[in-house]
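In this note's numbering, the protein residues as written are 5 to 258.
All C-beta atoms, glycine included, are put in the ideal place defined by N, C-alpha and C.
These notes concern the structure reproduced below.
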Ligand SMILES: NC(=O)c1ccc[n+]([C@@H]2O[C@H](COP(=O)([O-])OP(=O)(O)OC[C@H]3O[C@@H](n4cnc5c(N)ncnc54)[C@H](O)[C@@H]3O)[C@@H](O)[C@H]2O)c1
């Protein structure tokens, strides 16, 4: 497919996992793609890479301006993928205020900052699309994820509000809600578990497909939402969760 031919895209958190797979897929489908990440060192050609911390407004503005200039679209940006995010574990009792502020700063305000910096350039596009990486944690109650889930609930609501605010400017805004995805992040979580194999098996069993989602599968959903072929789709959350949100299976008979 070459639906992104001639378009310019920016992916935050694009050096690893879902963001990396998305940046590579958009490039394969014809886009010129820039990655913004805390550590962009793993990113190679044809992707452009910029170091920025989404919690630092000045660094975001600088990186977005540099990326837009280098993408060569005379100030036009067509696709913004707000994907950078971090995890948090525990119940509502387990994290001090400082940690709540830190995770909100990355997962929610990070999207606010990159979108603010990107909007003037997106307004100049004939096919502007923003895709936010949300999570099944926004729509299902998962144990030991109070803080993380609250940030993703905010991302879901932010997606709807942004979709309403910018629809008349021709900018579509959607989000993807992945289940558990086999990325370096989940690898780190598994490594920290007392029994990593049992933890992986439990996460796999939680999804009706019986396996983890792949980063490429989430990238495919993000590309679908970002594509000019999806011009009528805005204000939606697309589940990419192996059926975890929508299906209620009967237990397997033993
Ligand atoms: N892996 C999962 O199971 C899963 C499920 C649902 C949603 N998500 C969401 O997907 C997104 C990507 O997760 P992933 O699993 O690919 O993680 P990952 O850790 O593999 O990649 C995240 C990337 O974001 C970057 N990043 C982190 N903080 C940053 C900051 N302050 N500024 C700039 N870049 C920063 C990291 O350097 C890294 O390259 C996150 O928003 C996460 O909440 C992940």
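{"Asked": "Distance CB(residue 134)-CB(residue 87) smaller than 8 Å", "Found": "no"}
{"Asked": "CA-to-CA distance, residue 241 to residue 89, given in whole angstroms", "Found": "17 Å"}
{"Asked": "Check whether residue 47 and residue 13 have beta carbons under 8 Å apart", "Found": "no"}
{"Asked": "Limits of the beta strand (DSSP E) - the one that residue 134 falls within", "Found": "132-137"}
{"Asked": "Separation of residue 180 from residue 254, as counted between CA atoms", "Found": "27 Å"}
{"Asked": "Heavy atom of ligand 1 within 7 Å of residue 90 beta-carbon", "Found": "yes"}
{"Asked": "Selection from 85, 67, 56 and 149 that minimises the alpha carbon distance to residue 29", "Found": "85"}
{"Asked": "C-alpha gap between residue 205 and residue 160, whole angstroms", "Found": "28 Å"}
{"Asked": "Given 8 Å, three or more beta-carbon pairs between the segment 168-185 and the segment 217-235", "Found": "yes"}
{"Asked": "First through last residue of the beta strand (DSSP E) which encompasses residue 36", "Found": "36-41"}
{"Asked": "Residue 256 Cβ short of 7 Å to ligand 1 heavy atom set", "Found": "no"}
{"Asked": "Residue 230 CB to nearest heavy atom of ligand 1 below 7 Å", "Found": "no"}
{"Asked": "Segments assigned beta strand (DSSP E), at least 3 residues, entirely inside the segment 15-93", "Found": "36-41, 52-55 and 83-86"}
{"Asked": "Rounded straight-line distance, which links the Cα of residue 81 to that of residue 224", "Found": "20 Å"}
{"Asked": "Alpha-carbon spacing of residue 94 relative to residue 118, whole angstroms", "Found": "28 Å"}
{"Asked": "Spatial neighbours of residue 214 in its chain, beta-carbon cut-off 7 Å, leaving aside the 5 residues before and after", "Found": "208"}
{"Asked": "Assigned secondary structure, residue 194 (DSSP; H/G/I helix, E/B strand, else coil)", "Found": "helix"}
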